[in-house]
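Residue numbers (the working numbering): 1 to 79.
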């Protein structure tokens, strides 16, 4: 049963790490592309906010799956 708790914590942790790396790459590419073509800064910023919203969905799905494992799957192993 402890394996469910360990797998849930790994799921949340890896999702958070991957999202942090993704935000770092996204921000770096935004700065790089804005420096190359400043006239497109509004378009690039709008698209960056769209991708940011999609990137935030990844750890939230991981948290949802982890909570499902902890509160729905794990109690069935006690019986």
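For each residue, glycine too, the CB sits at the ideal point set by N, CA and C.
query, result
"Ends of the alpha helix (DSSP H) at residue 21?", "2-36"
"Short check: CB of residue 58 to CB of residue 15, under 7 Å?", "yes"
"Measuring only the C-alpha atoms, how far is residue 44 from residue 7?", "37 Å"
"Which value, in whole angstroms, describes the spacing of the CA atoms of residue 71 and residue 62?", "14 Å"
"CB-CB under 8 Å to residue 90, same chain, minus the five flanking residues each way: which ones, in chain order?", "Because the chain spans 1 through 79 in this model, residue 90 falls outside it and cannot be assessed."
"For the alpha helix (DSSP H) containing residue 49, list its first residue and its last residue.", "41-68"
"Whose C-beta lies closer than 8 Å to the C-beta of residue 51 among residues of the same chain, with five residues either side of it excluded?", "26"
"Measure the C-alpha to C-alpha separation of residue 1 and residue 75 and round it to an integer number of angstroms.", "9 Å"
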